[in-house]
Structure formats: structure tokens, C-alpha cells
Amino acid sequence: MKRNLRDLGIIVIVALVIWAGFTYFSTTTEQQDLISLKQEAEIADYFNEQIFREFDSIDTELTDSVMHVILNRLAKGMDTVSYEYDIYVLRSDQVNAFTAFNGQLFVFTGLIEQTESAEELAAVLAHELAHAENRHVIKNLVKEIGLNSLILIISGGDPVVMQEITKLVVSSGFSRKLEREADEYAIKYLRDANINPNRLTQFFLKLKQKNKSLPSGFEWISSHPALKERIEFVSENIGDSVEERAIELDWSSFKKSLGQYSM
Ligand SMILES: [Zn+2]
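When the sequence shown is numbered by the numbering used here, its final residue is 263 and no position is left out of the sequence of numbers.
Structure representation (C-alpha cells):
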């Protein structure tokens, strides 16, 4: 009898440990965390291959140094910097910028063309960095294609699935919830990097206005749902005014230099 009781006790304890472990995992491990950073780097290799087949990258000393200056400034506002970030400038008249894998950000010349200052581009990139730090792309893909398919790609790099992923990453947006989270972080990054977060609303408003007269190529808007709602959200959460420290770049000559690469 005594022995039976002891066995029962052991069974209960084991069950409790399993239950506790399961509860712990299901509440603290989000699906995107099941893809390691090393695995993400492997997806990045496949993805970049695809992107550079589709678009020309403008990889000059000037674009490189301009993107570095902006990135270094934004990094001052970030609590965590989870990747070695790279920003690639792609030649396309689409007004778009997106975050891909392993800290790689892409911005189209068409979007840079629409910015009036380095601070304005910094605001757009702050939003993209927030997507990256929060691993929104992986989160989104797990939702869209499932964890298993994503893991399969890492082991094989299936070209058809990779094409599908490229389409998802480049031109489809995130849920409202993730966009809001990215805006929230962007405000914080910008504030702490001494850039007025107003720059983000300014850019949204400009796109909203121009969107009426420009027929196509406004993915950054169309992939970012409910622009009006976002403008309101950012305006309401901007906080006290920020003393902006200018990013020292000659923006108009940078834009002019990109002009020679236009389509
Ligand atoms: Zn976004």
C-alpha cells in the first residue's frame, strides 16, 4: 500500500512537471522564436539571391556611407540591436521599403525620391527596424505558410516556395496589430535618437496626398493598412516635443546622385 502511494506521488509529480513545462512553453515561446537566428540567416541567403535577381542594387560608396550614417544614428535610440543591420538601395520607382531576414532592410529609389530629408528616411527606416527587432517577418510567415514549410525551406531552399515568400515579404503588409507595434517602437527609437517622430506622420501625410495623383507604385501605403488610423495613432503617441539634432548629410545631392540610376 505504502509503495502504491509513493508510485502515485511520483506519477502526480511527473504529470505536474510536464504540465508546468507545457504551460511555460506555450506562454513564453512564441512561434517565431522556434526559428533560430542562424536559421534566419540561411533564409536570408535564399531570399537575397531572389531579390538581387529581380532588382539592381545601387551599391556605391555614397549609398553605403549615407545608409551607415542613418543607421548609426537610429541605433542610438534602440535598446536592443539584434542584428548586424544592412540597408540596400534597390533601383525601382516603387515607393516602398521593407524588412527581410537577418537584419537586412531594403529601400527603393522611388521611396527615397519622395523624402525631403535624411530625417524623413530615418523615420521610415525606424519603422522597418522595429519590424526586424520584433521578428515580425518570421511571425508573419509562420502565420501565412506555417512553421513546417518555413523549416523545410531552410533545409532545401525550394525555389517555388521561395518565390512565394519573396512576394509576401516585398509587397504584402503586416496586420494592424504588428504595424501599430512597429509604429510604437519607431516613435521610441526616433525620440531617443534625437529625431522628431513627427517625421513619420509627415511622410504618411505626404504619401496620402500624393497617392491621389500617382496611379501606382505606392506599396508602402497600400501594404500598411488604414493610413488615417496610423497617422492618428502616431500623432497621439508622439509625446513631448523632441529637440531634433540634424543628420549631417547633403540630402539633395544624395538624391541627385540616385537620379542617374533612375529607370
Ligand atoms: Zn510596416
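For each residue, glycine too, the CB sits at the ideal point set by N, CA and C. Owing to the predicted nature of the structure, the values given are computational and were not obtained by experimental measurement.
In summary, Ile165 is buried, with 16 or more beta-carbon neighbours lying within 10 Å of its beta-carbon over all protein chains present. For Arg230, there is no enclosing beta strand (DSSP E); the enclosing alpha helix (DSSP H) has its first and last residue at 227 to 236.
Judged by their CB atoms, Asp86 and Gly110 are not nearer to each other than the 7 Å cut-off. Beta-bridge analysis with DSSP links Ile87 to Leu105.
Between Ala44 and Phe101, the C-beta spacing is below 7 Å. Ile11 and Ser155 have their C-alpha atoms some 39 Å from each other. Using a cutoff of 6 Å, the CB of Glu229 does not count as near ligand 1, since none of the ligand's heavy atoms is closer than that. Annotation: the continuous beta strand (DSSP E) that includes Thr99 extends over 97 to 99. Closest by C-alpha distance to Ile231, out of Arg176, Gly146, Asp250, Phe254, is Arg176.
A distance of 7 Å or more separates the beta carbons of Tyr88 and Phe108.
The closest heavy atom of ligand 1 lies less than 6 Å from the beta carbon of Ala182.
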